[in-house]
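Asker: Take this structure, written in structure tokens, and hold onto it; I'll ask about it next.
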Amino acid sequence: MSPLPDLVASEITDLTTFFISTGNVAAAWRAYSLARQHSRAVPDVIQAEIDRFAAGLADVAAQAMRAGVDAAHPIIFRAEELGAIWRGDGKADPIGALQRDWRNLSIGAAVARQIENGKKVGAAIEGVAESLPHLNSETVRKAWQKFQRNG
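Just so you know, we're using this note's numbering here: the sequence shown kicks off at 68 and counts up by one.
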């Protein structure tokens, strides 16, 4: 019997690769969380993103500490500021982007598997569209094209 695949390590690797290629911070946080939950090593690039975010929060904490007892000028940390630190690279919605990009990656990989199993591209696209609810062949074709461009 062959050993079972390490699905946690595989997902951490996939999310790390995805973060590197897209800059999507939500993927980095998911990879970090999985690594910590399952006592796995945190990839360096993921740790660097976590450190970047922590440094942004620490800067605000340092401002609050330097303000001392100045009640007239309190440091107020607003949701917009937290969002700016979270996004880092300016993307407006990392979670929504992760959902769209990850979906396209999954669809593209499904088409690639069908092609590897001998189907022509058009038939593979139709097969994936028929196998997944709420998808049509045009959506699958676009996801396949993105997959081919971005790997």
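All residues carry an ideal CB built from backbone N, CA and C; glycine is no exception.
As the structure is a prediction and not an experimental result, all values here were calculated from the model.
Pick out whichever of 107, 90, 126 has its Cα sitting closest to the Cα of residue 78.
Answerer: Here residue 78 is taken as the residue at index 11 of the sequence shown, counted from 1. Taking only the C-alpha atoms, the option nearest residue 78 is 107.
Asker: Taking all protein chains shown into account, do 16 or more other C-beta atoms lie within 10 angstroms of the C-beta of residue 80, making it buried, or fewer, making it exposed?
Answerer: Residue 80 sits at position 13 when you count from the first residue of the sequence shown. Exposed, by the Cβ-count rule.
Asker: Nearest CA to the CA of residue 73: which residue from 85, 196, 90, 101?
Answerer: For this step, residue 73 is matched to residue 6 along the sequence shown. The shortest Cα separation from residue 73 among 85, 196, 90, 101 belongs to 101.
Asker: How many Å lie between residue 148 and residue 160 at the Cα?
Answerer: As a first step, residue 148 must be located in the sequence shown, where it is residue number 81. As a first step, residue 160 must be located in the sequence shown, where it is residue number 93. Cα-Cα distance, rounded: 14 Å.
Asker: Among the residues of its own chain, which have a CB less than 7 Å from the CB of residue 89, if the five just before and after it don't count?
Answerer: Along the sequence shown, read from residue 1 onward, the residue named residue 89 stands at position 22. Cβ within range, chain order: 168.
Asker: With residue 139 as the anchor, note down where its alpha helix (DSSP H) starts and where it stops.
Answerer: Against the sequence shown, residue 139 aligns to sequence position 72. Neither: residue 139 is in no alpha helix (DSSP H) and is coded neither H nor E.
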